[in-house]
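Undergrad: Using my numbering, the letters of the sequence shown map in sequence onto residues 84 to 172.
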Amino acid sequence: MVHHRETHNIVYVVHAGDVVNTASSTHQWENAAAAMALLEDPSTTNLRDGIPYGILPGNHDFPTENHNAYFAEYIVSPVAITTVVIRGQ
């Protein structure tokens, strides 16, 4: 995405989940966070605030217990304006 931003006029990125394959895998979350950080980095995007993005967590992104533990720790951007979590009933 970052390397093709200008060529394809990418102005927003949507990640439609799954961010990880195993929700309890710290290594997978660290890897995912590093990948998403490329979108936020002005040096990789040539944009002051990076490329805006949104993530829709998939079913593999939430463990049965403490469902927001990993997602909130690794993925919620420090530059996010708002964070909205919608839970189904």
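Built from N, CA and C at the ideal position, the CB exists for glycine as well. Note that the coordinates shown come from a computational prediction; the quantities given were computed from them, not determined experimentally.
1. Find the nearest neighbour of Ala99 within the set Thr109, Asp124, Gly133, Met119, judged by alpha-carbon distance.
2. Around the C-beta of Gly176, are 16 or more other C-beta atoms found within 10 angstroms, so that it is buried, or is it exposed?
3. What are the residues that DSSP puts in a beta bridge with Tyr136?
4. What span of residues does the alpha helix (DSSP H) with Thr127 cover, start to end?
5. What first and last residue would you give for the alpha helix (DSSP H) that runs through Glu156?
TA: Result, derived from the coordinates:
1. Met119
2. In the structure as shown, the chain begins at 84 and stops at 172. Residue 176 is therefore absent and cannot be evaluated.
3. Val96
4. 125-128
5. 152-157
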